[in-house]
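Engineer: Sequential numbering of the sequence shown, starting at 5, is according to this note's numbering.
The structure's right below; bear with me while I get my questions together.
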Amino acid sequence: MSTSLLHLADLHLDRSFAGMGCQGEPAMRRRLGLRDALRRAGQTAQDRGCTAVTIGGDLYEHDRAGADTAAFLAETFRSWSPIEVLLAPGNHDALLPGSIHSRVEWPANVHLFRTAELRPHDLADGLTVWGLAHLEPAWQGDPLDCATVGADGGVHLALFHGAEMGSRPEGKSIHGPFHSVDIRERGFSAALCGHYHRRRVDEANGLLYPGSPEPLTFDESEARGAVLVEVAGDGKVSYEALADNRWHARTTRADVSAARSLGDVVDAACSAAAVLCAGLDGSRTMLRVDLVGEIDHSVSTDAFTVETSVRDGTGAAGVRVRDFTTPALDLAAVSGESAVLGAFARLVAEASAGADAGERRVLDDALRYGLQALGGAEIGLR
Ligand SMILES: [Mn+2]
């Protein structure tokens, strides 16, 4: 006899999406899209005969989620009954006093884990899910710092939000650090986790990160969705990763070294964006365009103009432009244009020669803005 679960994490309801170049109406559409993703997960759990939906934290963002989100969650989970919903709060939805988790009257099919140590919940005959909650956003405990389970037999799963230290993406914050080797050491057949937004299905160690169901940053460009987890009576666990995201995040590079005007920069960015968008629903696509190349110092690369034009040209919901261009500088030609321009360019070039990498970036910006200002061009912020 096997039991099916649907595991998801890091939905981040009520996220602002400002970091993806999204404001106002498109940001609202993205937030509604996160709610859709949760409804879709419930539908899948019903279609696939799941006993429970497990949620490994960061279900919502505490700083932004309010009464409407609380009501949405309670109603959505109630509609999934008799499927059980197991909630293991993470760092963004920590079980703080007054939080949605603690103040909502959850329907009877919801089980909220409330302690910072793993506690058991009997899910089915012989199958126990052990879960915990982050009680504060900066919790640093080890979720697997517990006694070994399973002395009396049965199959045991762990459900928590945490940072597996062997696979931590560079720069990712450490909340609930643990090591995958401890999953089996402590008697668990698998750990159903949340925190890393990239999917990771590690059958050898029994470690599962489903990843966020919809892309939350431009780096989250691969297919996404919840993961079906099938637990056999002998403790063998198999995984089926779903790919049903409705939104897409994509990044492209536009070489603008040949540009002679802001119009040329816009054209190059729009062409690159059009190639990238082919086959995608633009209205549900978030685009990032990286401008690269050595560009004439008098040419503006104003990010706002480029973003607006690309959004207009592709119909993309969100566009973010990053300017990685460097100013092409011909000192002799610049000196020929005016004495002041030449003196300024020489001074910056001399300072650059003895500068470290950080200082050189600042001097590059100074050179670009200075040449544009002295040349009478409109200054576009990078
Ligand atoms: Mn998260």
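For every residue, glycine included, the Cβ atom is placed at its ideal position computed from N, Cα and C.
Which residues mark the beginning and the end of the alpha helix (DSSP H) in which G237 is found?
Structural biologist: Here G237 belongs to no alpha helix (DSSP H), and DSSP marks it neither H nor E.
Engineer: Looking at the unbroken alpha helix (DSSP H) that takes in G374, where does it start and where does it end?
Structural biologist: G374 -> alpha helix (DSSP H) spans 361 to 378.
Engineer: Could you give the residue range of the alpha helix (DSSP H) that holds P30?
Structural biologist: Unbroken alpha helix (DSSP H) run through P30: 28 to 51.
Engineer: Helix, strand or coil for T221, going by three-state DSSP, please let me know.
Structural biologist: In this structure, T221 counts as coil in the three-state DSSP scheme.
Engineer: If you reduce the DSSP assignment to three classes, tell me which class R19 lands in.
Structural biologist: Three-state result, R19: coil.
Engineer: Which residues in the same chain as D259 place their Cβ atom closer than 6 Å to its Cβ, once the five residues preceding and following it in sequence are excluded?
Structural biologist: These residues qualify, in order along the chain: V296, G297.
Engineer: Beta carbon of H16: closer than 8 Å to some heavy atom of ligand 1?
Structural biologist: Indeed, a heavy atom of ligand 1 lies less than 8 Å from the Cβ.
Engineer: Are F164 and L211 close, meaning C-beta to C-beta below 9 Å?
Structural biologist: Against a cut-off of 9 Å, the Cβ pair of L211 and F164 comes out as no contact.
Engineer: Could you name the residues that DSSP lists as bridge partners for R254?
Structural biologist: Paired residues: L291.
Engineer: Can you give me the start and stop residues for the alpha helix (DSSP H) that T80 sits inside?
Structural biologist: First-last of the alpha helix (DSSP H) with T80: 71 to 83.
Engineer: For R350, count neighbouring C-beta atoms within 10 Å of its own C-beta (all shown protein chains included) and say buried if the count is 16 or more, exposed if not.
Structural biologist: It is exposed - the Cβ of R350 has fewer than 16 other Cβ atoms within 10 Å.
Engineer: If I'm right that V310 touches T256 with Cβ under 8 Å, what's the distance once you round it to whole angstroms?
Structural biologist: The Cβ separation is near 12 Å, so there is no contact.
Engineer: Please report the straight-line C-alpha distance between E226 and A120, rounded to a whole angstrom.
Structural biologist: When rounded, the distance between both Cα atoms is 32 Å.
Engineer: Tell me, please, which residues DSSP counts as bridged to T330.
Structural biologist: For T330, which the question treats as bridged, DSSP gives the partners E298.
Engineer: Taking 8 Å as the line, does the beta carbon of A13 fall inside it for any heavy atom of ligand 1?
Structural biologist: Indeed, a heavy atom of ligand 1 lies less than 8 Å from the Cβ.
Engineer: Report, in whole angstroms, the separation of the C-beta atoms of H160 and W134, which I expect to be a contact under 8 Å.
Structural biologist: About 6 Å separates the two Cβ atoms, so the contact holds.
Engineer: Quick one: grab the DSSP three-state call for G286.
Structural biologist: Of the three classes helix, strand and coil, the one that applies to G286 here is helix, per DSSP.
Engineer: At the level of alpha carbons, what is the spacing between L38 and G358?
Structural biologist: Answer to the nearest angstrom: the Cα atoms are 50 Å apart.
Engineer: When the Cα atoms are used, what is the spatial distance from N113 to R326?
Structural biologist: Computed Cα separation, rounded: 46 Å.
Engineer: Spatial neighbours of C54 within its chain, please: C-beta separation below 7 Å, excluding the five flanking residues on both sides.
Structural biologist: The residues are S8, L9, L10, I87.
Engineer: Beta carbon of H301, beta carbon of A343: below 9 Å?
Structural biologist: Not in contact: H301 and A343 (Cβ atoms no closer than 9 Å).
Engineer: Quick check: what's the CA-CA separation for R372 versus F328?
Structural biologist: Taking the straight line from one Cα to the other gives about 12 Å.
Engineer: What do you reckon, is the C-beta of S171 under 8 Å from a heavy atom of ligand 1?
Structural biologist: Outside the cutoff, so no.
Engineer: On the DSSP letters alone, give me the boundaries of the beta strand (DSSP E) that I59 sits inside.
Structural biologist: From DSSP, the beta strand (DSSP E) with I59 extends over 56 to 59.
Engineer: Going by beta-carbon coordinates alone, are G322 and M32 separated by less than 9 Å?
Structural biologist: No.
Engineer: Can you give me the C-alpha to C-alpha distance between G94 and R43, rounded to a whole angstrom?
Structural biologist: Near 20 Å, if we compare the C-alpha coordinates of R43 and G94.
Engineer: Using the Cα positions of D316 and L220, report the straight-line distance between them to the nearest angstrom.
Structural biologist: If I take the Cα positions, the gap works out to 22 Å.
Engineer: How long is the line joining the alpha carbons of R118 and T318, rounded to whole angstroms?
Structural biologist: Going by the C-alpha atoms only, they are around 46 Å apart.
Engineer: For the alpha helix (DSSP H) containing E345, list its first residue and its last residue.
Structural biologist: Correcting the residue type first, residue 345 is Leu in the shown sequence and not Glu. Unbroken alpha helix (DSSP H) run through L345: 343 to 357.
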